[in-house]
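Worksheet for the structure shown next.
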Amino acid sequence: MFRRNPFARPPRALPIALLAAFCVATCGVATAGETPTQRDARMEWWRDAKFGMFIHWGLFAVPAGEWRGKPVPGFSEWLMNQGRIPVADYAKLAQDFNPVKFNADEWVGIAKAAGMKYLVITAKHHDGFAMFESAASPFNIVAATPFKHDPLKDLAAACAKQGIKLGFYYSQSQDWHHSGGAGNHWDPVPGDYDQYLEKTAVAQVRELLTKYGPVSVLWYDTPRRMTLARAQPFLALQALQPGLIFNNRLMTPDPAKDHLPGDTETPEQFIPPNGYPGKDWETCMTMNDSWGFKKDDHHWKGVETLLHNLSDISSKGGNFLLNVGPTAEGEIPGPSIERLKAMGAWLRTNGEAVYGTQAGLFPRRLPWGRTTRKALPDGGTRLFLHVWDWPQDGKLLLPGMHQKAGAGRMLAGGAVVSAMDSPGGLVVGLPGKPDDSPIHVAALDFSGPLTTDQQMITAGADGRVVLSVEDAELFGEDDGKPVVEGSGETASFRAAGGWKARYSFQTAAEGLWSVCAEVSLAAYNRLNVSAPGPFGRSIAAAIQPFGDGPESFGPVELGVIKLPAGTNSLELKSEMNEVRPIGVRRIWLTPVK
Ligand code: FHN
């Protein structure tokens, strides 16, 4: 929302477009004058969909991360920038771009079989190359390549045929090819930025919204130099596609300045620890490391990680936009297809726990998994328990819940699930593990809305916030994944390389906090503590081994950090680029008077 009203001057008649932009900017609704009920209706399909395919496909797939035989670091779609490749040299790639294996029905079929309900494809990325026939620029796949065909037309037809919603990604500000486009600092094509916006970007967005039938999503990106005034012509185009959903990247997402919230928040490559309560949001994520196809990028996330991400995101009320980077021949890479097939198989059994659900019930992290919930026609609520770690005793605690549970079943196989009250909350009795899926889902029905008396972590009577292992979301890839050891007061996690622990808690007021950790380590380490948020800074502390070996835990000072009032998250990780085993028992924050 606006902090500063850009129209605070004496009232005067505003052009309709500007008035529309003002309404959008201040009311957070994408269509000026839209009521919350109308917005809910417009967003409904998107909120229910939960899972979409991001497709980064473009001229960058030809070099695929390599230039003149040498690998270029970074994302493949950033090759021109990272490699400081002259515009004329990069444009020659178009002569070699002939994706004869492209098959739109096949791509949409892969997305559909994966359980994805919408797709967003790069119509034009920062390199300025249009993946569609464009009268606004000859630098496009029809006019400049031997392919001479518009793949977006095929995708639009395939989406309509298979019932998948179509979305376009468009880099409205960065354009390293066209005169006046932003972002090309190594071989800039002289020109006026506003002329570029008018003659290229706005013209091409108009083409995308008028030539391909129903378009459901417009995904803007890297809004450098964009202002509210410059955003108006793009906003005015929204009327061409009633119901169109656009993200928060048409302008620089900085609520302190003029800001267009768009319809959706767009956390990239991460899952916000508490979601964005009251907002629509979508985590976009690569399946390996690069958005565009990169021939030497084999760092694929496993199916378990991808399903955990989908479960975690839906438990926080968000959507998951998972990326594929097709090759220059027009094929989605095999490892992507394998993973998407596995996710589709899981969703065919457990999709009821994802599609059309709302965020889970519990304010604190559950040691065994996540939850989502769905209103039932009779006014009741179905609670879905996403069991990531199957309990050895077959029992799960729903902390702070004391409602009487009705019918309960496993989604896989339908075996009965029981629930009984206990002082700590409902104890759910699971039947035998139904299969070897990475996540097992139980559904429990309740007669009304759900309540828990579990509270978010807050400061204790001594004013300290104590964060223990059971409250830590632990991240790490493969052998770097932290492992929990022990239980109760002596519980700790042991990690070695490439790990991260994230904690969420409430603070009553803005202030400074001294951060300490109880750790055990056998070798020197540098820990980094960061707190995303308005004061977003991080502290780093070098710590030396102490005591008589890796089993002895002791307190270490990590530094002082400023936090706002309200829900906070703190992230702890090692700054070492090598394997350095460390045990972490707890973190505590003490207010600095
Ligand atoms: O620079 C782009 C990047 O290439 C990619 O398209 C991602 C996807 O969200 N967006 C930008 C980086 O934030």
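Residue 373 in my numbering sits at position 367 of the sequence shown, and the numbers go up by one each step.
All C-beta atoms in this analysis are idealised placements derived from N, C-alpha and C, irrespective of residue type, glycine included.
Cβ separation of residue i and residue j, assumed to be a contact under 8 angstroms, to the nearest whole Å
{"i": "residue 202", "j": "residue 162", "result": "That belief does not hold up - the Cβ atoms of residue 202 and residue 162 are roughly 26 angstroms apart, past 8 angstroms."}
{"i": "residue 175", "j": "residue 129", "result": "6 angstroms"}
{"i": "residue 507", "j": "residue 451", "result": "About 35 angstroms separates the two Cβ atoms, so there is no contact after all."}
{"i": "residue 70", "j": "residue 299", "result": "5 angstroms"}
{"i": "residue 474", "j": "residue 501", "result": "Rounded, the Cβ-Cβ distance is 15 angstroms, inconsistent with contact."}
{"i": "residue 151", "j": "residue 104", "result": "6 angstroms"}
{"i": "residue 180", "j": "residue 256", "result": "Between residue 256 and residue 180 the Cβ distance is about 13 angstroms, and since that is not below 8 angstroms, they are no contact."}
{"i": "residue 142", "j": "residue 244", "result": "Contact flag wrong, Cβ pair sits at about 19 angstroms."}
{"i": "residue 44", "j": "residue 118", "result": "Contact flag wrong, Cβ pair sits at about 29 angstroms."}
{"i": "residue 521", "j": "residue 535", "result": "5 angstroms"}
{"i": "residue 458", "j": "residue 368", "result": "6 angstroms"}
{"i": "residue 402", "j": "residue 434", "result": "4 angstroms"}
{"i": "residue 491", "j": "residue 571", "result": "At roughly 35 angstroms, the Cβ-Cβ gap does not stay under 8 angstroms, so residue 491 and residue 571 are not in contact."}
{"i": "residue 231", "j": "residue 199", "result": "6 angstroms"}
{"i": "residue 370", "j": "residue 293", "result": "So it is not a contact: roughly 30 angstroms between Cβ atoms."}
{"i": "residue 182", "j": "residue 86", "result": "6 angstroms"}
Residue from the options with nearest C-alpha to residue i
{"i": "residue 136", "options": "65, 221, 114 and 533", "result": "65"}
{"i": "residue 494", "options": "591, 567 and 511", "result": "591"}
{"i": "residue 304", "options": "426, 471 and 340", "result": "340"}
{"i": "residue 229", "options": "223, 222 and 237", "result": "237"}
{"i": "residue 171", "options": "155, 138, 250 and 488", "result": "250"}
{"i": "residue 331", "options": "196, 464 and 60", "result": "60"}
{"i": "residue 539", "options": "557, 547, 576 and 521", "result": "576"}
{"i": "residue 385", "options": "117, 536 and 454", "result": "454"}
{"i": "residue 242", "options": "227, 270, 212 and 488", "result": "212"}
{"i": "residue 477", "options": "505, 593, 558 and 444", "result": "593"}
{"i": "residue 436", "options": "442, 443, 429 and 447", "result": "447"}
{"i": "residue 207", "options": "186, 193 and 195", "result": "186"}
{"i": "residue 512", "options": "75, 472 and 445", "result": "472"}
{"i": "residue 390", "options": "397, 399 and 417", "result": "417"}
{"i": "residue 553", "options": "573, 528 and 532", "result": "528"}
{"i": "residue 354", "options": "205, 419 and 380", "result": "419"}
{"i": "residue 456", "options": "432, 225, 153 and 205", "result": "432"}
{"i": "residue 387", "options": "409, 110, 505 and 373", "result": "409"}
{"i": "residue 309", "options": "75, 72, 445 and 248", "result": "445"}
DSSP beta-bridge partners of residue i
{"i": "residue 180", "result": "188"}
{"i": "residue 588", "result": "501 and 527"}
{"i": "residue 593", "result": "473 and 523"}
{"i": "residue 482", "result": "505"}
{"i": "residue 325", "result": "288"}
{"i": "residue 392", "result": "376 and 447"}
{"i": "residue 251", "result": "223"}
{"i": "residue 566", "result": "520"}
{"i": "residue 415", "result": "422 and 449"}
{"i": "residue 271", "result": "287"}
{"i": "residue 60", "result": "126 and 329"}
{"i": "residue 511", "result": "574"}
{"i": "residue 536", "result": "544 and 577"}
Beta-carbon proximity check, residue i vs residue j, cutoff 8 angstroms
{"i": "residue 272", "j": "residue 253", "result": "yes"}
{"i": "residue 395", "j": "residue 366", "result": "no"}
{"i": "residue 349", "j": "residue 313", "result": "yes"}
{"i": "residue 191", "j": "residue 134", "result": "no"}
{"i": "residue 346", "j": "residue 67", "result": "no"}
{"i": "residue 57", "j": "residue 481", "result": "no"}
{"i": "residue 289", "j": "residue 338", "result": "no"}
{"i": "residue 173", "j": "residue 215", "result": "no"}
{"i": "residue 613", "j": "residue 342", "result": "Residue 613 lies beyond the stretch modelled for the chain, which goes from 7 to 599, so this question has no answer here."}
{"i": "residue 275", "j": "residue 323", "result": "no"}
{"i": "residue 545", "j": "residue 569", "result": "no"}
{"i": "residue 422", "j": "residue 519", "result": "no"}
{"i": "residue 443", "j": "residue 392", "result": "no"}
{"i": "residue 551", "j": "residue 530", "result": "yes"}
{"i": "residue 122", "j": "residue 269", "result": "no"}
{"i": "residue 106", "j": "residue 336", "result": "yes"}
{"i": "residue 88", "j": "residue 77", "result": "no"}
{"i": "residue 595", "j": "residue 470", "result": "yes"}
{"i": "residue 580", "j": "residue 567", "result": "no"}
{"i": "residue 574", "j": "residue 537", "result": "yes"}
{"i": "residue 424", "j": "residue 280", "result": "no"}
{"i": "residue 286", "j": "residue 90", "result": "no"}
Any non-hydrogen atom of the ligand GDP closer than 7 angstroms to residue i Cβ
{"i": "residue 541", "result": "Among the ligands modelled here, namely the ligand FHN, the ligand GDP does not occur."}
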